[in-house]
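Q: Sharing a structure below in structure tokens format, with a few things to ask.
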Amino acid sequence: MPSASSKRRIATRLAGACLIGIALASACDLAAAGSSLPPLPAMGPSLRKTVAFETGEQPGTIIIRKNEKALYLVTGQGQALRYQISVGRDGFGWTGTVRIAAKTEWPQWRPPKEMRARQPELPAMVPAGPYNPLGARALYLARDGRDTLYRIHGTNDPKGVGFDGTSGCFRLTNTDVIDLFKRVAVGAKVVVE
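Throughout the sequence shown, residue numbering follows mature numbering (1 follows the signal peptide of the UniProt record, and there is no 0), covering -27 to -1, 1 to 166 in sequence.
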């Protein structure tokens, strides 16, 4: 009979496999049964659509329209992929032009000191994985080579997309952020309107 720690290790490995769609349903059931962690969060639906989109920006550019709660990835002349997002709540919205400085799969989250001052219960760091609030992928935004501390990222709560509720980051479902992550290059221009 495997020990409790062996069961947890197996459950964690199987749970990770479930998240990326590799494991069979029976393996997911085994992972959930042997784990003391809460149920794995869902990856969330894809809210992505191909749309007509007129812009003078080059393909590969991201345009975020906060009032629409939409992120557009310019794909060609007159066309873009539209992703539904959450945006900064009152007092946390911003505009401007930035660049993708880095991309991370299953990022760690280190809440900025300003956020921890507002919410002292936040930990100094949340490890990578399915329970991390940054979700499955993060795109790090920089202005003039300096980290803005803002991200385009996934979420471990798929219902957390489509409203004003972040501290200035842009949140997509994990399904959509994985898709966007594959399509966007480091150095890509991001226009926040």
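Cβ atoms here follow ideal geometry from the backbone N, Cα and C, with glycine treated the same way.
1. Entirely within the stretch 65 to 111 and at least 3 residues each: give me those beta strand (DSSP E) ranges in chain order.
2. Thr34 by DSSP, collapsed to three states: which one?
3. Whole angstroms is fine: what's the gap from Pro93's alpha carbon to Thr146's?
4. Measuring alpha carbon to alpha carbon, tell me which residue in Trp82, Asn105 and Phe154 is nearest Tyr123.
5. Taking the beta carbon of residue 240 as the centre, do at least 16 other beta carbons fall within 10 Å, making it buried, or is it exposed?
6. Quick one: grab the DSSP three-state call for Arg21.
7. When burial is assigned at 16 or more other CB atoms within 10 Å of the CB, is Leu(-4) buried or exposed?
8. Consult DSSP for Phe26 and reduce its assignment to one of helix, strand or coil.
9. Which residue comes first and which comes last in the alpha helix (DSSP H) that contains residue 192?
10. Use the C-beta contact count for Glu103: other C-beta atoms within 10 angstroms, 16 or more gives buried, fewer gives exposed.
11. Excluding the 5 residues preceding and the 5 following Ala74 in the sequence, name in chain order all residues of the same chain whose CB lies nearer than 6 Å to its CB.
12. If you follow the beta strand (DSSP E) that Lys53 is part of, which residue opens it and which one closes it?
A: In this structure, then:
1. You should have 69 to 78.
2. As a first step, residue 34 must be located in the sequence shown, where it is residue number 61. It is coil, neither helix nor strand.
3. Residue 93 sits at position 120 when you count from the first residue of the sequence shown. Residue 146 sits at position 173 when you count from the first residue of the sequence shown. The straight-line gap from Cα to Cα measures roughly 27 Å.
4. For the purposes of this step, residue 123 is identified with residue 150 of the sequence shown, where counting begins at 1. Closest by C-alpha distance to Tyr123, out of Trp82, Asn105 and Phe154, is Trp82.
5. With the chain covering only -27 through 166, there is no way to say anything about residue 240.
6. Taking the sequence shown and counting its residues from 1, one reaches residue 21 at position 48. Coil.
7. Residue -4 sits at position 24 when you count from the first residue of the sequence shown. With a pLDDT of 24 at Leu(-4), under the threshold of 50, the modelled position of this residue cannot be trusted; read the value that follows with caution. Within 10 angstroms of the beta-carbon of Leu(-4) lie fewer than 16 other beta-carbons, which makes it exposed.
8. To locate residue 26, count along the sequence shown from 1; it is residue 53. Phe26: coil per DSSP, three-state reduction.
9. Limits of the chain in this structure are -27 at one end and 166 at the other, which puts residue 192 out of reach.
10. Position 130 of the sequence shown holds residue 103. It should be pointed out that residue 103 corresponds to Pro in this sequence rather than to Glu. The residue in question, Pro103, is buried, as its Cβ has 16 or more Cβ neighbours within 10 Å.
11. Your numbering for residue 74 matches position 101 in the sequence shown. Closer than 6 Å at Cβ, skipping near neighbours: Tyr113 and Ala115.
12. Looking up residue 53 in the sequence shown gives position 80. Looking at the sequence provided, one finds Ala at residue 53 rather than Lys. Ala53 -> beta strand (DSSP E) spans Gln52 to Gln57.
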